[in-house]
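Quick look at the structure:
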């Protein structure tokens with residue numbers, strides 16, 4: 009699917025391991041297919057890619073506690089995040105999609121986001137100013 | 154025939170004369186301070202969680218009816234804490250408008266220890282965590298002025314309630330961290346998923362004044378630290394899956410993590426701590442842990458067959474108590490002749506002399522189903 013979207017899979021990545029890691033480390037709250045739980049757990053399916061439309065949003069995806077404090081080593085966490093974006097939110101990614109590098113993830117993880125809910129909405133509103141599809145999504149979210 | 158009738162009448166009136174009508178409508182009260190050997194059994198009603206109970210019992214009593222002192226309701230796995238400076242018990246509860254469904258309301262209910270009746274409540278954000286009951290879902294800080302309630306939606310936060318003014322003050326985010334361990338002054342710590350502790354210091358308005366984070370100090374993969382600490386003198390003794398103890402001094406507003414020590418030493422048999430409420434302490438500083446042999450990956454909630462008693466300061470074992478039945482939860486009374494109480498696998502409460510280890514009695518038949526958590530009353 010990633011190829012059909014014109015996106016290049018990340019070299020050396022193990023999609024199967026990423027999927028298993030998603031099931032072990034993320035799925036408990038974000039649910040199968042990353043659909044989330046309205047009002048409680050953010051939906052990543054068809055959504056997470058929006059964050060990469062700003063540098064702060066890109067960093068937020070790694071600094072958010074569920075990601076930053078996961079027990080995965082940097083390389084597997086990087087693999088998982090790239091897999092997740094390409095698998096569940098390829099349509100929302102900016103062109104070109106620059107995958108996370110291990111060095112980038114390793115550098116961002118220690119800088120834990122202290123107030124994720126507020127920061128998340130601030131970043132998304134900022135991105136939505138230049139991205140009508142996200143603006144529509146956010147209205148849907150606040151309306152529902 | 155007439156004679157017989159007369160005899161019958163005389164007999165009947167003799168029977169009535171012997172009946173002394175029992176006085177009814179008497180409502181008794183309990184003392185403000187409860188005797189040291191009274192206990193509270195939290196029957197969380199595991200198979201129908203909307204109607205749990207906190208049952209007050211006299212663990213010294215061999216009289217089946219006399220040992221039952223009363224109970225309070227505790228809805229949807231309530232979490233409770235006893236005040237020491239006021240005759241009050243605080244209980245975080247959840248209600249649904251149609252019982253098992255409908256709009257959710259969370260409240261902190263304030264119970265009077267003398268009447269076991271609710272005397273007030275504070276409405277909370279409907280977010281509190283309804284996990285299996287622990288000692289650290291609800292705690293008091295700031296000389297018992299503030300109650301802290303752990304939330305999980307699964308975003309994690311702590312609700313702050315002024316229990317003197319009986320008002321909700323604030324919600325503090327604790328991203329990636331869990332539960333609430335009371336600290337000196339107006340502060341608390343939470344255990345984080347990366348093996349560190351997050352500490353939040355509150356202002357007098359209950360809002361976050363500052364926060365800090367320790368370095369990760371335990372290994373969440375190789376030897377995870379349990380959240381069930383034995384507390385003494387402001388020091389939380391956290392056991393790990395493999396039976397090491399991390400002493401964490403919570404007396405200040407920054408936790409001080411001490412060097413870990415082993416409960417197991419060179420003891421053979423694969424002993425490990427395990428159970429639901431597996432750690433307790435007495436007033437002399439002895440620490441009690443539920444232990445099972447042949448421990449393995451996944452056995453950290455197995456019932457314990459022994460309780461190992463340690464001197465926390467000397468970091469050495471004082472005694473081993475063989476349980477008459479395996480147990481899932483323990484508590485110890487806070488007096489000079491402490492009782493060890495244990496919820497056994499038949500969901501009864503075994504009472505032991507904590508010093509000698511002798512089994513004294515079994516408390517059953519008090520209307521209990523799943524008394525998952527025990528506390529010594531005070």
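Residue numbers (our numbering), protein chains in the order written: chain A, 9 to 152; chain B, 154 to 531.
Note that CB positions come from ideal geometry on N, CA and C, so glycine has one too.
Since this is a predicted model, take the numbers as computed values, not measurements.
Cα-Cα separation between residue i and residue j, rounded to whole angstroms
i, j, result
"residue 381/B", "residue 288/B", "8 Å"
"residue 358/B", "residue 20/A", "52 Å"
"residue 529/B", "residue 354/B", "29 Å"
"residue 181/B", "residue 38/A", "51 Å"
"residue 220/B", "residue 121/A", "52 Å"
"residue 314/B", "residue 91/A", "43 Å"
"residue 243/B", "residue 183/B", "17 Å"
"residue 10/A", "residue 98/A", "Because residue 10/A sits at a pLDDT of 44, beneath the cut-off of 50, its placement in the model cannot be relied upon, and the following sentence gives the value as read from the coordinates. Taking the straight line joining both Cα atoms gives about 7 Å."
"residue 430/B", "residue 481/B", "7 Å"
"residue 214/B", "residue 517/B", "12 Å"
"residue 345/B", "residue 331/B", "6 Å"
"residue 273/B", "residue 234/B", "15 Å"
"residue 384/B", "residue 398/B", "12 Å"
Own chain, CB closer than 6 Å to residue i, minus 5 neighbours either side, in chain order
i, result
"residue 524/B", "194, 196, 496"
"residue 295/B", "339"
"residue 409/B", "402"
"residue 504/B", "212, 492, 494, 513, 514"
"residue 40/A", "none"
"residue 373/B", "348"
"residue 202/B", "229, 230"
"residue 127/A", "121"
"residue 377/B", "394"
"residue 271/B", "262, 264"
Under 8 Å between C-beta atoms of residue i and residue j
i, j, result
"residue 208/B", "residue 241/B", "no"
"residue 510/B", "residue 474/B", "yes"
"residue 327/B", "residue 312/B", "no"
"residue 438/B", "residue 455/B", "no"
"residue 424/B", "residue 396/B", "yes"
"residue 432/B", "residue 400/B", "no"
"residue 333/B", "residue 292/B", "yes"
"residue 280/B", "residue 306/B", "yes"
"residue 73/A", "residue 329/B", "yes"
"residue 290/B", "residue 245/B", "yes"
"residue 187/B", "residue 210/B", "no"
"residue 337/B", "residue 406/B", "yes"
"residue 75/A", "residue 85/A", "yes"
"residue 134/A", "residue 78/A", "no"
Where residue i sits in the DSSP three-state scheme
i, result
"residue 33/A", "helix"
"residue 75/A", "helix"
"residue 359/B", "coil"
"residue 384/B", "strand"
"residue 445/B", "strand"
"residue 519/B", "coil"
"residue 375/B", "coil"
"residue 398/B", "strand"
"residue 131/A", "helix"
"residue 226/B", "strand"
"residue 416/B", "coil"
"residue 28/A", "helix"
"residue 316/B", "coil"
"residue 140/A", "helix"
Chain-order list of residues whose beta-carbon lies under 7 Å from that of residue i (same chain, five-residue window excluded)
i, result
"residue 449/B", "none"
"residue 283/B", "229, 230, 247"
"residue 275/B", "260, 261, 314, 319, 320, 321"
"residue 461/B", "416, 442, 444, 470, 473"
"residue 153/B", "There is no way to answer for residue 153/B, as the model of chain B reaches only from 154 to 531."
"residue 50/A", "44"
"residue 124/A", "72, 73"
"residue 478/B", "497, 498, 499, 503"
"residue 28/A", "none"
Contacts around residue i, its chain only, beta-carbon distance under 8 Å, and the 5 residues preceding and following it disregarded
i, result
"residue 239/B", "297"
"residue 427/B", "443, 444, 445, 448, 452, 453, 454, 455, 456, 457"
"residue 364/B", "351, 352, 353, 354"
"residue 151/A", "Residue placement at residue 151/A is poorly supported in this model, since its pLDDT is 40, which falls under 50; the coordinates still yield a value, given next. If we look at residue 151/A and ignore the five residues flanking it on each side, it has no Cβ neighbours."
Any chain E beta carbon closer than 8 Å to residue i
i, result
"residue 506/B", "Looking at the structure shown, chain E is missing, and the protein chains on hand are A and B."
Residue i CB to nearest heavy atom of the ligand MN below 7 Å
i, result
"residue 56/A", "By its list of ligands, the structure shown contains no ligand whatsoever, and the ligand MN lies outside what it can speak to."
For the segment 369 to 381 of chain B, list every residue whose C-beta sits within 7 Å of some C-beta in chain A, in sequence order.
373, 374
Selection of the segment 395 to 413 of chain B by Cβ proximity to chain A, strictly under 7 Å:
none
Residues in the segment 323 to 345 of chain B having any Cβ partner in chain A nearer than 7 Å
326, 328, 329, 345
Just by C-beta distance, which residues in the segment 72 to 85 of chain A are closer than 9 Å to chain B?
72, 73, 74, 76, 77, 78, 79
Quick one, which residues of the segment 295 to 318 of chain B are near chain A if we go by CB-CB under 7 Å, in chain order?
306, 307, 308
Residues of the segment 111 to 124 of chain A with Cβ closer than 8 Å to any Cβ of chain B, in chain order
120, 121, 122, 123, 124
Where the segment 29 to 41 of chain A meets chain B: residues whose CB sits under 7 Å from a CB there
37
May I ask you to list, following chain order, the residues of the segment 349 to 362 of chain B that have a beta carbon less than 7 Å from some beta carbon of chain A?
none
Of the residues that make up the segment 259 to 274 of chain B, which ones have a beta carbon closer than 8 Å to any beta carbon in chain A?
none
Using a Cβ cut-off of 8 Å, which residues of the segment 48 to 63 of chain A contact any Cβ in chain B, in chain order?
48, 49
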